[in-house]
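Going line by line, the protein sequences match chains A and B.
Take full-length UniProt numbering: the last position of the first sequence gets the number 157, and nothing is skipped along the way.
Take full-length UniProt numbering: the last position of the second sequence gets the number 115, and nothing is skipped along the way.
Each residue gets a CB set at the ideal place from its N, CA and C atoms; glycine is no exception.
Here the structure is a predicted model, which is why all the values come from computation and not from measurement.
Comments concern the structure below.
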Amino acid sequence: MVWDVPWVSRGQLSRLCPLQLLVPPSLLAGGVGIVLATFLENEKVSISIVLGHAVQAVEILKEGDDEMKQRLSCIFAPEESKAYSPEELEKRKNILKTWLETNHIPVTEQGESGRTLCVAGVLTIDPPYGPEECSSSNEIILSRVQGLIQGYLEKQE
Amino acid sequence: MLVPVGVLRLPRGPEGSSRGFNPNSPRFQALLGELMTVQGVRANLRQRYLQVLGAARGHPTRFYLRAGVQVDAVFSAADVDAVAFQVDGLRTPLGVQAAALLRYTDVLAYTFPLE
């Protein structure tokens, strides 16, 4: 997985040649490139993307631990979900999931750490699980579920 | 003249309500199960990559080109076919170009700070 690649210092990136990264060729063959996140001292993050055609070999020096995966997932979290802590998001997700199941709507958890709810296999809900975070290719189902969630959230308040 | 034809009894057919296409059936899993998981992985990676591109917009970016050449510019857009990057304010030794296209094949890597 891309996110298992450890940080690369900016010095290494600017030299480019000593970058040793290893990824299964099948994943890289169709891939655009490799994304690296460098965590700087002042809590800032620097993102480096090495394009696929420039990568000769990829070697994983150290697998990412759960804390690193959590940190990486939070980098590109949509703005709204930064207002909620991971525990709050988990709670919101579970409440919504339970409510959907009570209303006989099939719902499963998907994605890394089960962040995304999948409704009836055709609609997904991302954190923080509001009507705006619903995605589906089916407009009718999308508007129905958005209406349901809107009503449910209004009742909560 | 009516010719009797042997009756070929097939094993149990698909469930009545479906069209016979069950992604959870053992046959489907054996034939195409791995493809589906790889597709899921690819979809997630693609989504991450698009989020990265979205986050890059408007940020000052350093592009590492071939022969050790580095140029700084403000990242503006990348196209879907991975042909070129569009940047604003490209700083070159000849001056600052207000808008420019950098060919994908010329760029080895690029880096930008978040926020």
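{"Asked": "Proximal residues to Leu-108/B (C-beta, below 7 Å), its chain only, five neighbours per side dropped", "Found": "Tyr-64, Leu-65 and Arg-66"}
{"Asked": "Residues of the stretch 78–92 of chain B whose Cβ lies closer than 8 Å to any Cβ of chain A, in chain order", "Found": "Ala-82"}
{"Asked": "Beta-carbon gap between Leu-100/A and Val-119/A smaller than 8 Å", "Found": "yes"}
{"Asked": "Other residues of its chain near Gln-97/B: CB distance less than 6 Å, five sequence neighbours each side excluded", "Found": "Leu-90"}
{"Asked": "Through-space distance from Val-45/A to Leu-101/B, alpha-carbon basis", "Found": "26 Å"}
{"Asked": "Interface residues of chain B facing Lys-44/A [CB-CB closer than 9 Å]", "Found": "Pro-113, Leu-114 and Glu-115"}
{"Asked": "Short CB-CB distance (under 8 Å) between Arg-48/B and chain A", "Found": "yes"}
{"Asked": "Beta carbon of Ala-56/B nearer than 8 Å to that of Phe-75/B", "Found": "yes"}
{"Asked": "Distance between Tyr-129/A and Arg-115/A (C-alpha atoms, nearest Å)", "Found": "10 Å"}
{"Asked": "Cβ-Cβ separation, Leu-117/A to Ile-105/A (assumed contact under 8 Å), whole Å", "Found": "About 10 Å separates the two Cβ atoms, so there is no contact after all."}
{"Asked": "Bridge-paired residues (DSSP) for Thr-92/B", "Found": "Gly-95/B"}
{"Asked": "C-beta neighbour in chain A for Thr-105/B, strict 8 Å", "Found": "yes"}
{"Asked": "Leu-142/A (DSSP reduced to helix, strand or coil)", "Found": "helix"}
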